[in-house]
Ligand code: AMP
Ligand code: MG
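In this note's numbering, the protein residues as written are 1 to 329.
This is the structure we're talking about:
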């Protein structure tokens, strides 16, 4: 297992934003990258295996109940956030995952500090939580549309010069606090090109089954593409930290984005290294007693006697002729 952990670590390293580096999009990261590291043919297999392993690790994470994982997903519209969540989490016990999407804040949410609603949605110990959009919207959409900040009811002296720098600091501090308390934080930016977004929007308009995904707000936001690229560049430059790194996931090829996202999340859980809790002496004694007590009730059922495992015997109603003959149960 240490071997595959190292392999995965190496495969994802290139996509991590080094703390303190200055990122400029789209210059520094190619949205269309789909490297040789995992060729298309092997991608389905790799995704399947990655998802399987993730499920195993998640089960241990839940049993241990010490650590949680927060996955932050950010992207422009139509970059594939929903599909990534669906595929990456497909094998996992639904009880162990919490997905939370964030929309325009409510009146109640605006009555609180900007991190309040995100704090309330955090995963518990043992859970993997996914933020579909996140506290980063507070330094992205709110920055691109400055009037949103004016709606946040902040004291006027706090919204002037340096407000974004202060928000980055608050975010970094908050994430550090989470990590120090057992909630790991990993952040994925699905990096889509403007060209690919156009193609996907047009597909939504052309295909009746995809029409529901289309929102005129998306086209409006697209007009601010360059502003968003700048805001994302600044976020990546200022909030990729040793304790909560950003990964820039090339998203023009969905299959590549999904494999890489799965591997990054898997690596995070592997790094925690969760184990099933050891059962100690007293518990073992109680288990032995329980086994004796249950066995005293009679012989163990053979597979034949087990109603679930046993081959079906036709019941009276199934053998009889008449209307019951076709009953499906
Ligand atoms: P979608 O994810 O497509 O359903 O859209 C959600 C919308 O909510 C997007 O347009 C986001 O920009 C917007 N949104 C999310 N968080 C915030 C926020 N903190 N302030 C303002 N708008 C937000
Ligand atoms: Mg949208």
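Using N, Cα and C, we set each Cβ at its ideal position, and we do this for glycine too.
Contact under 8 Å by Cβ, residue 217 with residue 80: With respect to residue 80, residue 217 sits apart: the two C-beta atoms are not nearer than 8 Å.
Buried/exposed call for residue 287, threshold 16 Cβ in 10 Å: exposed
For a test of your reading of the model: does the CB of residue 104 fall under 7 Å from any non-hydrogen atom of the ligand AMP? Yes or no. Under cutoff, so the answer is yes.
Near the ligand AMP: residue 137 beta-carbon under 7 Å from a heavy atom: yes
Looking only at its chain, what residues have a beta carbon closer than 7 Å to the beta carbon of residue 123, apart from the 5 residues adjacent to it on each side? 68, 69, 70, 98, 129, 183
Does the structure place the region 268-276 close enough to the region 212-226 that three or more beta carbon pairs sit under 8 Å? no
Comparing the CB of residue 77 with every heavy atom of the ligand AMP, is any distance shorter than 7 Å? yes
Rounded to the nearest angstrom, what separates residue 239 and residue 173 at their Cα positions? 10 Å
Exposure label - residue 245; buried when at least 16 CB within 10 Å: buried
Can you tell me where the alpha helix (DSSP H) holding residue 7 begins and where it ends? 2-13
From the DSSP output, in three-state form, read off residue 74 for me. strand
Where does residue 143 fall in DSSP's three states? helix
For residue 46 and residue 35, the rounded distance between their alpha carbons: 14 Å
Would the region 98-112 count as touching the region 125-142 if we require 3 or more Cβ pairs under 8 Å? The region 98-112 makes contact with the region 125-142, as at least three CB pairs between them are under 8 Å.
In the DSSP assignment, the beta strand (DSSP E) including residue 131 goes from what residue to what residue? 128-132
Tell me, please, which residues DSSP counts as bridged to residue 191. 250
Just checking residue 25 against the ligand AMP - is the residue's beta carbon closer than 7 Å to any of the ligand's heavy atoms? Not under cutoff, so the answer is no.
Consider the C-beta atom of residue 133 and the heavy atoms of the ligand AMP; say whether any pair is separated by less than 7 Å. yes
Applying the 10 Å Cβ sphere with the 16-neighbour rule, what's the burial state of residue 202? exposed
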